[in-house]
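Spelled out as structure tokens, the structure:
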């Protein structure tokens, strides 16, 4: 084919090994270091400040079995191991879940504005939590109360309803999913508003859930959620090929060898499972699932093979740091922090749209 | 003579009760270059959907490389037939080389991604289609002509023996139309790729394609070289226009 003179002049130089975009492993390494720093800082920050050296020594002593000279008190060890560590790890786990789910929903719905809550999981979880606060029944299994249970089930039930309803009618699957998600979400939001109106003194409890926080993080809750989120995230990453095919649209994906209807069903289920587990233990934390995948795409491009693992690391780091900031500011809800940090950051990205990246 | 690479036998097909193909038989041999022509709604795109397994025929049989299409999964089909995507609307900023790389999806290791052989095929496709000067650019910023070439490069990277295009020259200016056509001829003649293209421009079809298949009302009404298919009476009957609007060039050789 002829070379077009005018395009040759404006073309960027051939990409080859230069720039961070072509070195994803460097980013993974950077992300892991950021996570480790977040872990040490996150454990150190609080009413009792703990030196990074002590934090590392306690962790090495307890989890690696290193025989180190004890320079810390038993109380310090309890604070580190039983109180702060599960909190920091929960923040990371939830951040990972929301960012991976967000990347999945964006790719699946081919919509840059999608987030983990777009198909009604948030409203479902919120209504479930509100109902749990209102009904006079209390029980605890593995430290999971009615609130966590109903939030988890509410999220899954709403997305199942959305998926089933979206298959009725003649709209294209994607439009139908989005519109059904919006409709069901609105209906559930009305239920939530009603529950909050009726809640009286319990309103604050519902409100706290809606804002999201890691105050309630414990080892059993973390350990019960860990396998769900890890399994779902890894399973999504193993289906990166399907998300890549869907970049071109559903028909093109089918021509590239992807069983679109099946992959859509599986990916929806996995991303919803991760989201439901995350919102059950931490409430509704916004912005992570929307912003992190976009930031990652801005750096490494749209391939799900890179976007998913880097989003997992980025989401984990973002929420761990946001929680540190929240605690430093006297325990304000972490959801407020992510929005306050996330919104300007997102606007910054949108400004960069002029120089290459567009939503 | 080996089995036809694409073979439709007495195929009927319907979208939601509406029959759009009636008893269509079409046999395509390896290395052929075929233009599917016909008015809007004649069933051209439906025929492609049936031939690529996106739509199950209500009657008849489809075979790819001699194998019934029911016995092939999506990946098997994608390794036999590459379809140049129509009107792609990318949701995220995507570079030219990232789009071309998607052509390797049917071949790449599902867990580990692209291997050296895949990277080689991507580079070869970029070279073959001549889009090397576009590397690094966001596909959404390209002109329609450039974008079409990138999508053809994607299909070439797929390394399937059959290349299918649905109106590849729509929205393109004349120069880009001719360039796209010349590329298809070159892929067909030099690489031996079987090319099947739905075309609206009868002059282009007649000039660049040795075999034309004319569809009307879901049936094949003519099949052969341009001089036999595009006779004035048939143009009037099928397209409802004065045949003097259509100039059928006599292909050289």
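Chains as they are written, first to last, in my numbering: chain A, 1 to 359; chain B, 1001 to 1253. Using N, Cα and C, we set each Cβ at its ideal position, and we do this for glycine too.
Residues that residue i bridges to, as DSSP identifies them
i                       : result
residue 1026 of chain B : B:1008
residue 1197 of chain B : B:1035 and B:1165
residue 1138 of chain B : B:1095
residue 1067 of chain B : B:1064
residue 1223 of chain B : B:1213
residue 1015 of chain B : B:1018
residue 1109 of chain B : B:1113
residue 1084 of chain B : B:1165
residue 1059 of chain B : B:1012
Cβ distance (whole Å) where residue i is taken to contact residue j below 8 Å
i                       : j                       : result
residue 57 of chain A   : residue 68 of chain A   : 5 Å
residue 1045 of chain B : residue 1012 of chain B : Incorrect: roughly 16 Å between the Cβ atoms, too far for contact.
residue 1126 of chain B : residue 1153 of chain B : 6 Å
residue 101 of chain A  : residue 274 of chain A  : 5 Å
residue 1069 of chain B : residue 1053 of chain B : 5 Å
residue 146 of chain A  : residue 155 of chain A  : No, residue 146 of chain A and residue 155 of chain A are not in contact; Cβ-Cβ is about 15 Å, not under 8 Å.
residue 1131 of chain B : residue 1150 of chain B : 6 Å
residue 120 of chain A  : residue 184 of chain A  : 5 Å
residue 1047 of chain B : residue 1215 of chain B : 7 Å
residue 161 of chain A  : residue 267 of chain A  : About 18 Å separates the two Cβ atoms, so there is no contact after all.
residue 1254 of chain B : residue 1174 of chain B : With chain B covering 1001 to 1253 only, the question about residue 1254 of chain B has no answer from this structure.
residue 254 of chain A  : residue 1074 of chain B : 6 Å
Partners in chain E for residue i, counting only beta-carbon separations shorter than 7 Å
i                       : result
residue 1088 of chain B : The structure shown contains no chain E; its protein chains are A and B.
Contact test: residue i Cβ vs the ligand NAD heavy atom, cutoff 7 Å
i                       : result
residue 1074 of chain B : Of ligands this structure carries none, so the ligand NAD is not represented either.
Given a limit of 8 Å on CB to CB distance, which residues of the stretch 111-140 of chain A reach chain B?
Taking 8 Å as the Cβ-Cβ cut-off against chain B, the residues of the stretch 111-140 of chain A that qualify are 111 and 112.
Say whether the stretch 243-254 of chain A touches the stretch 1088-1102 of chain B, bearing in mind that this needs 3 or more beta-carbon pairs closer than 8 Å, one atom from each stretch.
Taking 8 Å as the limit for Cβ pairs, the verdict is that the stretch 1088-1102 of chain B does touch the stretch 243-254 of chain A.
Counting only runs of 4+ residues fully inside the stretch 95-142 of chain A, write out the alpha helix (DSSP H) ranges in chain order.
Every alpha helix (DSSP H) of 4 residues or more that sits fully in the stretch 95-142 of chain A is shown, in chain order, as 121-134.
Mind checking the stretch 234-249 of chain A against chain B and listing, in chain order, the residues whose C-beta falls within less than 7 Å of any C-beta there?
Within the stretch 234-249 of chain A, contact with chain B at the beta-carbon level (separation under 7 Å) is assigned to 238, 241, 244, 245, 247, 248 and 249.
Interface positions of the stretch 298-312 of chain A facing chain B (Cβ-Cβ less than 7 Å), listed along the chain:
The residues in question are 301, 302, 303 and 305.
Do the stretch 252-270 of chain A and the stretch 86-98 of chain A meet, that is, are 3 or more Cβ pairs less than 8 Å apart?
Segment contact: the stretch 252-270 of chain A against the stretch 86-98 of chain A, fewer than three CB-CB distances shorter than 8 Å; contact not assigned.
Pair every Cβ in the stretch 1097-1116 of chain B with every Cβ in the stretch 1076-1083 of chain B, then say whether three or more of these pairs are closer than 8 Å.
Judged by pairs of C-beta atoms under 8 Å, the stretch 1097-1116 of chain B touches the stretch 1076-1083 of chain B, as three or more such pairs exist.
With a floor of 4 residues, list each alpha helix (DSSP H) that falls wholly inside the stretch 220-297 of chain A, ordered by position along the chain.
Runs found: 240-246, 250-255 and 260-282.
Counting only runs of 4+ residues fully inside the stretch 32-85 of chain A, write out the alpha helix (DSSP H) ranges in chain order.
Runs of the alpha helix (DSSP H) lying entirely within the stretch 32-85 of chain A and spanning at least 4 residues, in chain order: 52-63 and 74-78.
Report yes or no: do the stretch 309-328 of chain A and the stretch 276-294 of chain A share at least 3 C-beta pairs separated by less than 8 Å?
Touching, yes.
May I ask you to list, following chain order, the residues of the stretch 1201-1234 of chain B that have a beta carbon less than 9 Å from some beta carbon of chain A?
For the stretch 1201-1234 of chain B, no residue has a beta-carbon sitting nearer than 9 Å to a beta-carbon of chain A.
The stretch 332-346 of chain A contacting the stretch 207-226 of chain A, beta-carbon criterion three pairs below 8 Å
The way I'd put it, the stretch 332-346 of chain A does touch the stretch 207-226 of chain A; three or more beta-carbon pairs between them come closer than 8 Å.
Counting pairs of beta carbons, one from the stretch 1197-1210 of chain B and one from the stretch 1113-1122 of chain B, are three or more of them closer than 8 Å?
The stretch 1197-1210 of chain B, when compared against the stretch 1113-1122 of chain B, does not touch it at the 8 Å Cβ threshold.
Segment contact, 8 Å Cβ cut-off, at least three pairs: the stretch 128-136 of chain A with the stretch 100-117 of chain A
With contact defined as three or more Cβ pairs closer than 8 Å, the stretch 128-136 of chain A and the stretch 100-117 of chain A are not in contact.
What are the residues in the stretch 1067-1078 of chain B lying within 9 Å of chain A by C-beta distance?
Along the stretch 1067-1078 of chain B, going in chain order, the ones with a CB nearer than 9 Å to a CB of chain A are 1073, 1074, 1075, 1076, 1077 and 1078.
Would the stretch 188-199 of chain A count as touching the stretch 110-128 of chain A if we require 3 or more Cβ pairs under 8 Å?
Result yes; three or more Cβ-Cβ pairs closer than 8 Å.
Contact residues within the stretch 253-265 of chain A, judged by C-beta distance below 7 Å to chain B
For chain B, the residues of the stretch 253-265 of chain A that bring a beta carbon within less than 7 Å of one of its beta carbons are 254, 255, 256, 257, 258 and 259, in chain order.
Any 3 or more C-beta pairs closer than 8 Å across the stretch 1212-1231 of chain B and the stretch 1180-1192 of chain B:
With the cut-off at 8 Å, the stretch 1212-1231 of chain B and the stretch 1180-1192 of chain B do not touch.
Check each residue of the stretch 1185-1197 of chain B: if its Cβ is closer than 9 Å to any Cβ of chain A, include it; give the result in chain order.
Shown in chain order are the members of the stretch 1185-1197 of chain B whose Cβ falls below 9 Å from a Cβ of chain A: 1186.
Against chain A: residues of the stretch 1132-1161 of chain B by CB proximity under 9 Å
With the criterion set as a beta carbon lying under 9 Å from some beta carbon of chain A, the members of the stretch 1132-1161 of chain B are 1132, 1133, 1134, 1135, 1136, 1137, 1138, 1140, 1141, 1142, 1143, 1145, 1146, 1149, 1151, 1154, 1155 and 1158, in sequence order.
Counting beta carbon pairs with one atom in the stretch 1228-1235 of chain B and one in the stretch 1204-1220 of chain B, are three or more of them shorter than 8 Å?
Under the three-pair Cβ rule at 8 Å, the stretch 1204-1220 of chain B counts as touching the stretch 1228-1235 of chain B.
Which residues, taken in chain order from the stretch 1111-1127 of chain B, show a beta carbon closer than 7 Å to some beta carbon of chain A?
Within the stretch 1111-1127 of chain B, the qualifying residues are 1111 and 1113.
Considering only residues of the stretch 325-353 of chain A, which uninterrupted alpha helix (DSSP H) runs meet the minimum length of 4 residues and lie entirely inside it, listed in chain order?
Taking only runs of at least 4 residues, the alpha helix (DSSP H) segments lying wholly in the stretch 325-353 of chain A are 334-352.
Alpha helix (DSSP H) runs contained entirely in the stretch 175-213 of chain A, provided each spans 4 or more residues:
Assignment of alpha helix (DSSP H) within the stretch 175-213 of chain A, counting only whole runs of 4 or more residues, yields 203-211 in chain order.
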